[in-house]
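Take a look at the structure below.
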Amino acid sequence: MQLPEDQIRAGHIPADLYRQIPPGTDMRRVVIVQEAPRSYKGPIVLTLVVITGSVALLLVIAFVVQVVAGAAIGVLSATGGLSYTINRTTKRKTLRSK
C-alpha cells in the first residue's frame with residue numbers, strides 16, 4: 099500500500115482526515131468518499147462525433163449545391179435561356195518534309 103488511495107480502499111483512515119472526525123464517532127460507520135478519476139473518453143468521443151458530423155454536413159451541402167446547379171442549367175438550357183457547351187479543341191501539329 100504505497101498510495102493514499104490504496105490505504106483508503108483498505109479501510110485505513112489517513113491522519114489528516116482522522117483529526118477532522120468528531121470525538122465519539124463510531125469509526126466502523128465512517129465512510130470516506132473519493133472523487134472518481136477523470137475520464138477522457140467522453141470528450142474524445144464528443145470531438146470525433148462533432149468532426150464527423152461537420153464533414154458529413156459539408157459533403158451533403160456540396161452534393162445539394164451540385165444537384166441544384168445541374169438542375170438549374172438543365173432548366174435554363176431547355177427554355178433557351180442558357181446554353182452550356184464544352185469545347186474540346188485539339189491542336190494537331192503537322193510535320194513538314196523539306
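Under this note's numbering, residues 99 to 196 are what the sequence shown spells out, in order.
Note that the Cβ used here is the ideal one computed from N, Cα and C, for glycine as well.
If you're wondering where the values come from, they're calculated on a predicted model, not measured in any experiment.
Worksheet item: Taking the alpha-carbon positions, what's the Q132 to L144 distance?
Response: 26 Å
Fill in: For Y138, the first and last residue of its enclosing alpha helix (DSSP H)
Unbroken run through Y138: none, as it is neither H nor E.
Item to complete: Over the uninterrupted alpha helix (DSSP H) stretch that includes D124, give me the two end residues.
Response: Note, D124: premise wrong, no alpha helix (DSSP H); not H, not E.
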